[in-house]
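Note sheet for the following structure.
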Amino acid sequence: QVQLVESGGGLVQPGGSLRLSCVASGSIFSINVMGWYRQAPGKQRDLVASISRIGSRTNYADSVKGRFTISRDNAKNTVYLQMNSLKSEDTAVYYCNTVPVGAWGQGTLVTVST
Numbered sequence: 008q009v010q011l012v013e014s015g016g017g018l019v020q021p022g023g024s025l026r027l028s029c030v031a032s033g034s035i036f037s038i039n040v041m042g043w044y045r046q047a048p049g050k051q052r053d054l055v056a057s058i059s060r061i062g063s064r065t066n067y068a069d070s071v072k073g074r075f076t077i078s079r080d081n082a083k084n085t086v087y088l089q090m091n092s093l094k095s096e097d098t099a100v101y102y103c104n105t106v107p108v109g110a111w112g113q114g115t116l117v118t119v120s121t
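Take the sequence shown: its position 34, counted from the start at 1, is 41 in the numbering used here, and no numbers get skipped.
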């Protein structure tokens, strides 16, 4: 089973950028499709971006397309989410996980506000 530790969240103004990182333990990282999910207060947890095993294919939710970029470094067991042009509606706890999901990490909070 893959264990996950997310980092990189914080407070940012609208229009700003953040880069999230997720380090996975376990040698099976490279054989899993990975995704970034987010959960806003009072809402369900949704998949916002996913990346194939070797990083050749990515998919994005319409709400983040053109602003977020997912990438991975299998040598470092790490998946990234570059978030640009952030909006207040991007405020959420962000989690990485396999696709389909396994055990969740603690997530990292992103707050977009003035």
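We put the CB at the ideal spot given by N, CA and C, even for glycine.
Quick caveat, the model's predicted, so the values are computed rather than measured.
Nearest to residue i (by Cα), restricted to the options the options
i    : options              : result
R26  : R74, V106, D69, A68  : R74
G22  : T115, P107, S92      : S92
E96  : G62, S63, S120       : S120
V117 : Q51, A31, K83, A47   : A47
G33  : T115, G114, G109     : G109
V30  : V100, N84, K94, Q113 : N84
K50  : T98, V86, S37        : T98
T76  : S24, Q113, S37       : S24
W111 : Q20, R52, R64, D69   : R52
V86  : P107, S28, S63       : S28
Residue j beta carbon less than 8 Å from that of residue i
i    : j    : result
V71  : V55  : yes
W43  : L88  : yes
S78  : I61  : no
V9   : T115 : no
Y102 : G16  : no
S37  : N66  : no
Residue environment, residue i, which counts as buried when at least 16 other CB atoms sit within 10 Å
i   : result
S14 : exposed
R45 : buried
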